[in-house]
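Report on one structure; see the data block that follows.
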Amino acid sequence: MSIADNLLKYKKELEGEGVELIAVSKFNNATAVQEAYDAGQRIFGENIVQELVEKQETLPKDIQWHMIGHLQTNKVKYIAPFISLIQSVDSLKLLIEINKQALKNKRVIDCLLQIYIADEETKFGLDHAEAVELLMSEEYLAMENIRITGLMGIASNQASDKQTKDEFQELKVLFDGIKVSFFRKIDTFKELSMGMSGDYKLAIEEGSTMIRVGSSIFGTRKIKAPKA
Ligand SMILES: *Cc1c(COP(=O)(O)O)cnc(C)c1O
């Protein structure tokens, strides 16, 4: 199946679900992204800053780019002028830098807090207590150039359906709790980014609003992705 066919399949499947499809184009070249763009896709996810910047420079300017991989503080400045959503905020320090660079660019940058839900040592993210601590910090409360619009999580690799479901459920419960505690009257806090090629159906069942799909759109990546 071509990239366009794969996208069409997702488009049909997601119709009426209220779920946004993020096409994860990491390690795929600009030609592949352009092919998806020509098929109507406008939101793309990348996990390496340099690749993201190169693609942003060469591809159509109405693409919305999402950063979905671990972001080093010293690289925020390269994506701050154009990034549409940073899904991988995993520390207060990073959020402080995003706020600073957003101010420099006279923007407000939308962010998701990445929550650690997997049963693995390798995944980045905040645990529940850290997320709450961040949201209660004076530094966060003073920020004017970032907006937290939801949470993101990555389930364990090769887990059973039961475990994956449990992890997504855990994230949904946290999302609902944070919504009530910190964003009760704030409509823009509404995104729950969970689900990838292998587990997006379970994620949607558990309340995902945003799925991040790479290999089942673009084909299996030739280069192994670094652990996210
Ligand atoms: C690579 C990646 C995806 C997409 O994974 P696929 O299994 O190729 O769909 C989604 N989210 C994150 C954070 C990733 O790094």
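The sequence shown begins at 1 in full-length UniProt numbering and counts up one residue at a time. Ideal Cβ placement from N, Cα and C applies to all residues, glycine included.
For Lys-26, the CB falls within less than 7 Å of some heavy atom of ligand 1. As for any beta strand (DSSP E) of minimum length 3 sitting wholly inside the region 52–76, the runs are 64–67, ordered along the chain.
In this structure, Glu-54 keeps its C-beta atom at 8 Å or more from the C-beta atom of Ile-68. Around the C-beta of Asp-5, fewer than 16 other C-beta atoms lie within 10 Å, and the residue is accordingly described as exposed. Of the residues Phe-44, Ile-86 and Ile-48, the one whose Cα lies closest to the Cα of Met-152 is Ile-86. Of Ser-156, Leu-174, Lys-104 and Glu-167, the smallest CA-CA separation from Ile-146 is found for Lys-104. Only residues of its own chain outside the window of five on either side were considered, and among them Lys-172 and Leu-192 have a CB closer than 7 Å to the CB of Gly-207, listed in chain order. Ser-2 and Glu-51 have their C-alpha atoms roughly 23 Å apart. Within its own chain, the residues whose Cβ lies closer than 7 Å to the Cβ of Ala-203, once the five positions on either side in sequence are excluded, are Phe-168, Met-194, Gly-195 and Ile-211, listed in chain order. Annotated as proximal: Ser-88 and Phe-124, with beta-carbon spacing under 8 Å. Per DSSP, reduced to three states, the secondary structure at Gly-214 is coil, with no helix or strand assignment. For Leu-171, the uninterrupted alpha helix (DSSP H) run begins and ends at 161–182, by DSSP. Restricting attention to alpha helix (DSSP H) runs no shorter than 4 residues, the region 130–154 encloses them at 138–141, ordered along the chain. In the DSSP assignment, Leu-192 falls within the unbroken beta strand (DSSP E) covering 191–193.
Per DSSP, Asp-5 lies in no beta strand (DSSP E); the unbroken alpha helix (DSSP H) holding it starts and ends at 3–14.
In this chain, the beta strand (DSSP E) harbouring Leu-21 covers 20–24. For Val-33, the uninterrupted alpha helix (DSSP H) run begins and ends at 30–38, by DSSP. Put simply, the backbone Cα of Ala-155 is about 6 Å away from that of Thr-164. In the structure shown, Gln-87 adopts extended strand secondary structure according to DSSP, grouped into three states.
For Leu-126, the beta-bridge partners assigned by DSSP are Ile-115.
The alpha-carbon separation between Phe-182 and Gly-18 amounts to approximately 23 Å.
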